[in-house]
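Counting from 1, one number per residue, gives the positions in the sequence shown under the UniProt record's numbering.
Each remark here refers to the structure printed beneath this line.
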Amino acid sequence: MSNLLQSYVEGRWVSPGDEGTPLLSAVDGHEVARISSSGVDLAAMVDYARRVGGPALAALTFHERAALLKQLGMTLMAGKAEFYELSRHTGATDRDSAVDIDGGFGTVLSYSSKARRELPNDTICLDGDIEQLGKKGTFLGQHIYTSRRGVAVQINAFNFPVWGFLEKLAPAFIAGVPSIIKPASQTAYLTELVFRRIIESGILPEGSVQLLCGSARDLLDHLDGQDSVAFTGSADTAATLRAHPTVVSSGLRFTAEADSLNCSILGPDVSTSDPEFDLYVKQLVTEMTVKAGQKCTAIRRALVPENLVDDVIRAASERLAAITVGNPADESVRMGALAGIDQRDEVLKSIRALTKSATIVFGDPDSVEVVGADAVSGAFLSPILLHAADKTAPEPHDIEAFGPVSTIIGYSDAADAVALAARGKGSLVASLVTKDAELAGEIVRGLAPFHGRVLVLNSEDARESTGHGSPLPVLVHGGPGRAGGGEELGGIRGVLHHMQRTAVQGTPDVLTATGRRWVTGARRVQGETHPFRKDLGELRIGDTIVGGPRQVTRADIDHFAEFTGDTFYAHTDPEAAAANPLFGGIVAHGYLVVSLAAGLFVDPAPGPVLANFGVDNLRFLTPVKAEDSLTVTLTAKQITPRQSADYGEVRWDAVVTNQNDEPVAAYDVLTLVAKPAASA
Ligand code: NDP
């Protein structure tokens with residue numbers, strides 16, 4: 001019986017209504033699975049995501065969602081062996097699969113960790129500072145992010161059946177938006193298997209993820225302005241989807257990541273005897289051969305100083321000659337197959353087009369020695385290195401051969417290299433290999449407008465470098481212009497893509513209630529109990545303690561200077577201090593002011609406050625002179641219980657004023673406070 005892939009719709013697995021189209025192994029052409037989406041109710045999928053998945057996610061805070069992702073990432077990681085096994089049919093070697101499978105699970109774990117560290121334990125998050133909109137401070141503005149109420153539809157490419165969907169799913173999930181995942185048909189059997197394990201784990205809330213195997217059919221017709229579509233694939237399909245009436249008229253968010261003529265530049269300062277020369281060549285060969293070059297980030301154009309073109313061709317050819325092509329199951333194999341015969345035919349077509357202006361200097365498109373498999377039934381191809389003698393010829397800058405193919409192009413100087421890079425009309429990534437940091441700075445500034453990511457490699461960072469081709473969860477992935485103009489990942493930036501930014505205007509009390517973060521001017525509550533005696537369950541935003549006044553004496557300043565060794569003239573030398581245009585005499589150290597303030601607000605006995613872990617945004621606003629009197633007002637600003645810990649973070653607003661009510665220092669104090677004993 002054939003392995004007919006199922007879709008996961010409205011909380012259950014459904015089989016298509018027909019026999020489906022065969023999906024063939026890239027290695028030997030046998031049928032791995034069949035695929036079709038016929039009969040799948042796409043309108044019901046969208047409705048279910050909005051009706052069931054959205055509310056289920058909305059009920060969780062960022063931290064709670066992050067905890068589920070962590071559990072999911074660990075579960076998938078523990079069972080990864082079967083994914084590697086199936087991945088071989090896509091033509092992937094184990095090294096390729098690591099990028100896809102471990103890379104995908106790692107991205108999930110990275111998002112979990114980022115969200116716990118950088119987002120509040122809440123369902124909304126604040127963007128930027130308060131904007132004061134009126135003179136008296138009763139009318140303020142604050143930007144907030146809330147989860148959009150739609151569904152995140154992802155349409156993926158064939159080359160990363162695991163990473164491709166997880167790198168989109170993780171940020172959407174943290175943002176509280178349910179996903180519908182549509183893998184590229186060619187390799188959908190691997191996505192389906194991983195997805196099946198996700199559902200079996202029971203970790204994710206009902207409706208938060210659904211899977212559509214097969215054609216997307218009229219899926220976009222059912223979307224509206226709260227939804228988003230994130231597409232990865234060819235520029236042609238991106239253009240078709242961009243022109244879809246729903247995308248054009250509903251205001252849904254559409255992002256695309258399409259073909260990209262990424263380049264790697266060998267710096268003009270590098271000679272053949274430098275370690276950077278080897279780094280450059282090694283990276284070029286790696287990018288040509290990992291995933292058989294089927295990576296949106298692979299190096300398509302190798303820009304090298306004109307006088308080193310022959311040396312780079314020679315060195316790269318030597319390395320390429322050592323690459324064994326064949327069955328990924330064979331341990332000696334360094335490069336597997338392309339995803340299918342159709343893909344190989346596409347690549348061959350592109351190579352033929354490239355040869356209009358470039359010559360092949362390594363490899364034969366029509367013949368390849370294959371280990372452990374039949375060269376006819378598998379989608380194998382030799383790595384192909386070309387040289388474009390005419391650097392301005394259009395083909396190498398326009399044609400993306402989505403396989404193990406790169407073109408070497410000579411350049412005259414750094415400005416020429418930057419100009420040639422820009423001829424890619426916008427790329428995902430550029431890399432530059434140079435020893436010269438100053439030169440690197442100049443070139444990076446020139447490359448940046450045309451690239452989503454720029455890697456500068458040299459012998460200092462090479463060992464730690466993650467390489468030209470690796471998008472990282474903490475860095476943005478995407479590129480301008482031809483690369484699609486979209487942006488994914490980038491840590492919390494990727495989460496915010498799924499959220500709505502709204503400018504809220506109102507009084508300090510309204511903004512405090514909305515953002516659950518105390519805003520200057522909002523109500524303060526001074527009770528009988530010192531706020532430091534309240535645990536996380538008792539403490540409320542706005543709880544306040546006022547300490548002081550406390551006079552600062554010259555003896556305090558002298559003592560602090562001597563005790564700490566900070567004898568800067570403004571604190572110790574009356575004459576020099578008098579000449580200082582800002583102070584006009586001896587002033588107290590800023591850190592003395594902060595230390596005295598702590599002495600005024602602290603409640604010393606053991607209690608729920610466990611630690612002070614820092615201050616944020618410390619500003620000294622008015623000089624403090626001897627005999628000035630200080631008063632401190634400390635207000636609970638934000639309370640963030642930590643998931644799976646018996647304490648949480650409390651951010652306090654601290655303002656120190658002098659006897660004239662002028663603020664002399666303002667900052668946030670950060671503490672860890674115990675949860676109530678029972679809940680801990
Ligand atoms: P496609 O654009 O054909 O397919 C990408 C995805 O879009 C697949 O899931 C496909 O589904 C889906 N799709 C195709 N047509 C439609 C449509 N009309 N409506 C909705 N969804 C649609 O790209 P390929 O995967 O075939 O790759 C072709 C080229 O794309 C490569 O040669 C390369 O140039 C580029 N590419 C770029 C990548 C990148 O990351 N930037 C990655 C991979 C490829 P189905 O498979 O079911 O047809």
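By construction, the Cβ of each residue, glycine as well, lies at the ideal position given by its N, Cα and C atoms.
As the structure is a computational prediction, the values presented were derived from the model and not from experiment.
Could you spell out where the beta strand (DSSP E) holding L169 opens and where it closes? Translated into positions along the sequence shown, residue 169 becomes position 169. L169 -> not in any beta strand (DSSP E); alpha helix (DSSP H) instead, spanning 163–175.
If you run the structure through DSSP and keep just helix, strand and coil, what is M1? Locating residue 1 in the sequence shown gives position 1, counting from the first residue. Its pLDDT being 45, under 50, M1 is placed unreliably by the model, and nothing is read from it.
Under three-state DSSP, which class holds P663? As a first step, residue 663 must be located in the sequence shown, where it is residue number 663. If DSSP states are grouped into helix, strand and coil, P663 belongs with the strands.
If you reduce the DSSP assignment to three classes, tell me which class I341 lands in. The residue given as residue 341 occupies position 341 in the sequence shown. Reduced to three states, the DSSP call for I341 is helix.
Nearest to R516 by alpha carbon, out of I124, A115, I323, M77? Here residue 516 corresponds to residue number 516 of the sequence shown, with the count starting at 1. For the residues I124, A115, I323, M77, the minimum Cα distance to R516 belongs to I124.
Run through DSSP, which three-state label would S7 get? On the sequence shown, residue 7 is found 7 positions in, with the first residue counted as 1. Correct three-state label for S7: strand.
If you draw a straight line from the alpha carbon of G11 to that of V162, how long is it in whole angstroms? Residue 11 sits at position 11 when you count from the first residue of the sequence shown. Residue 162 sits at position 162 when you count from the first residue of the sequence shown. Spanning the two alpha carbons is a distance of roughly 21 Å.
Give the straight-line distance between the Cα atoms of V454 and D573, rounded to the nearest whole angstrom. Numbered from 1 along the sequence shown, position 454 holds the residue referred to as residue 454. Numbered from 1 along the sequence shown, position 573 holds the residue referred to as residue 573. Taking the straight line from one Cα to the other gives about 50 Å.
Looking at E306 and S412, is the spacing between their C-beta atoms short of 8 Å? Residue mapping note: residue 412 aligns to position 412 of the sequence shown, counting from 1. Residue mapping note: residue 306 aligns to position 306 of the sequence shown, counting from 1. In contact: S412 and E306 (Cβ atoms closer than 8 Å).
Evaluate L610 with the Cβ neighbour count: other Cβ atoms within 10 Å of its Cβ, from every protein chain shown; 16 or more gives buried, anything less gives exposed. Counted from its first residue, the sequence shown places residue 610 at position 610. Exposed: under 16 other Cβ atoms inside 10 Å.
Start and end residues, alpha helix (DSSP H) containing I492: In the sequence shown, the residue the question calls residue 492 occupies position 492. Segment 492–496, the alpha helix (DSSP H) holding I492.
Using three-state DSSP, classify D47 as helix, strand or coil. Numbered from 1 along the sequence shown, position 47 holds the residue referred to as residue 47. Three-state result, D47: helix.
Could you check where the beta strand (DSSP E) with A611 kicks off and where it finishes? Here residue 611 refers to the residue found at position 611 when the sequence shown is read from its first residue. First-last of the beta strand (DSSP E) with A611: 609–620.
Nearest neighbour of T407, chosen from A414, H397, A415 [CA to CA]: Locating residue 407 in the sequence shown gives position 407, counting from the first residue. Comparing Cα-Cα distances from T407 to each of A414, H397, A415, the minimum goes to H397.
Provide the residue span of the alpha helix (DSSP H) that contains I557, from first to last. The residue labelled residue 557 in the question sits at position 557 within the sequence shown. Counting along the chain, the alpha helix (DSSP H) containing I557 begins and ends at 554–564.
Could you give the DSSP three-state label for A680: helix, strand or coil? Numbered from its first residue, the sequence shown carries residue 680 at position 680. Low confidence applies here, because A680 scores a pLDDT of 48, under 50, leaving its location unreliable and the question unanswered by this model.
Which residue from F254, R116, L166, N580 puts its Cα closest to that of G106? Taking the first residue of the sequence shown as 1, we reach residue 106 at position 106. The candidate whose alpha carbon is nearest that of G106 is L166.
Simplified DSSP state of P178, which is helix, strand or coil: If you number the sequence shown from 1, residue 178 lands on position 178. In the structure shown, P178 sits in coil (DSSP, three-state: anything other than H, G, I, E or B).
Beta-carbon separation (whole angstroms), A216 vs A235, contact threshold 8 Å: Here residue 216 is taken as the residue at index 216 of the sequence shown, counted from 1. Here residue 235 is taken as the residue at index 235 of the sequence shown, counted from 1. Rounded, the Cβ-Cβ distance is 17 Å, inconsistent with contact.
Is E31 near the ligand NDP, in the sense that its beta carbon is under 7 Å from a heavy atom of that ligand? The residue you call residue 31 lines up with position 31 of the sequence shown. Not so, every heavy atom of the ligand NDP lies at least 7 Å from the Cβ.
In chain order, what residues of the same chain lie with their CB nearer than 8 Å to the CB of A680, ignoring the 5 residues before and after it? For the purposes of this step, residue 680 is taken as residue 680 along the sequence shown, with counting starting at 1. In this predicted model, A680 has a pLDDT of only 48, less than 50, meaning its place in the structure is not dependable enough to derive any value.
Alpha carbon to alpha carbon, how far is G486 from F254? Give it in angstroms, no decimals. Looking up residue 254 in the sequence shown gives position 254. Looking up residue 486 in the sequence shown gives position 486. Their backbone Cα atoms lie some 8 Å apart in a straight line.
Counted within 10 angstroms of its Cβ, other Cβ atoms place F563 as buried (16 or more) or exposed: Locating residue 563 in the sequence shown gives position 563, counting from the first residue. The residue in question, F563, is exposed, as its Cβ has fewer than 16 Cβ neighbours within 10 Å.
Distance check for E460 and Y280, CA to CA, integer angstroms please. Sequence index remark: in the sequence shown, residue 280 carries index 280 (1-based). Sequence index remark: in the sequence shown, residue 460 carries index 460 (1-based). Those two C-alpha atoms are separated by around 14 Å.
If distances are taken between C-alpha atoms only, which option among H477, A298, M45, T502 comes closest to A256? For the purposes of this step, residue 256 is identified with residue 256 of the sequence shown, where counting begins at 1. Closest option to A256, Cα to Cα, is H477.
According to DSSP, residues forming a beta bridge with G410: Within the sequence shown, numbered from 1, the residue matching residue 410 stands at position 410. The partner list for G410 (beta bridge, DSSP) reads V304.
So, helix, strand or coil for G20, using DSSP? For the purposes of this step, residue 20 is taken as residue 20 along the sequence shown, with counting starting at 1. Looking at G20 - three-state DSSP - the assignment turns out to be coil, as it is neither helix nor strand.
To which residues of the same chain is Y667 closer than 8 Å at the C-beta, ignoring the five residues directly before and after it? Here residue 667 refers to the residue found at position 667 of the sequence shown. These residues qualify, in order along the chain: V594, V615, D616, N617, L618, R619, A654.
In terms of residues, what are the limits of the beta strand (DSSP E) holding residue 713? The first residue shown for the chain is 1 and the last is 680, placing residue 713 beyond what the model contains.
Closer than 8 Å is the cut-off here; do at least three beta carbon pairs connect the stretch 219–233 with the stretch 142–156? yes
Is L489 near the ligand NDP - that is, is its Cβ less than 7 Å away from at least one heavy atom of it? Within the sequence shown, numbered from 1, the residue matching residue 489 stands at position 489. No, the ligand NDP has no heavy atom inside 7 Å of this Cβ.
Keeping to the same chain, check which residues put their C-beta closer than 8 Å to that of D566; ignore five residues upstream and five downstream. Counting from 1 along the sequence shown, the entry for residue 566 is found at position 566. So the list reads F560, H589, Y591, once near-sequence residues are dropped.
To which residues of the same chain is E400 closer than 8 Å at the C-beta, ignoring the five residues directly before and after it? By 1-based counting over the sequence shown, the position of residue 400 is 400. Cβ neighbours of E400 beyond the five flanking positions: D259, S260, L261, R300, S350.
How far does the alpha helix (DSSP H) with R95 in it extend, from its first residue to its last? Here residue 95 refers to the residue found at position 95 of the sequence shown. 94–97 is the span of the alpha helix (DSSP H), which, as asked, contains R95.
Environment of G128 [buried if 16+ CB atoms lie within 10 Å]: In the sequence shown, the residue the question calls residue 128 occupies position 128. G128 is exposed by the Cβ-count criterion.
Roughly how many angstroms separate the alpha carbons of P404 and T90, rounded to a whole number? Here residue 404 corresponds to residue number 404 of the sequence shown, with the count starting at 1. Here residue 90 corresponds to residue number 90 of the sequence shown, with the count starting at 1. Taking the straight line from one Cα to the other gives about 15 Å.
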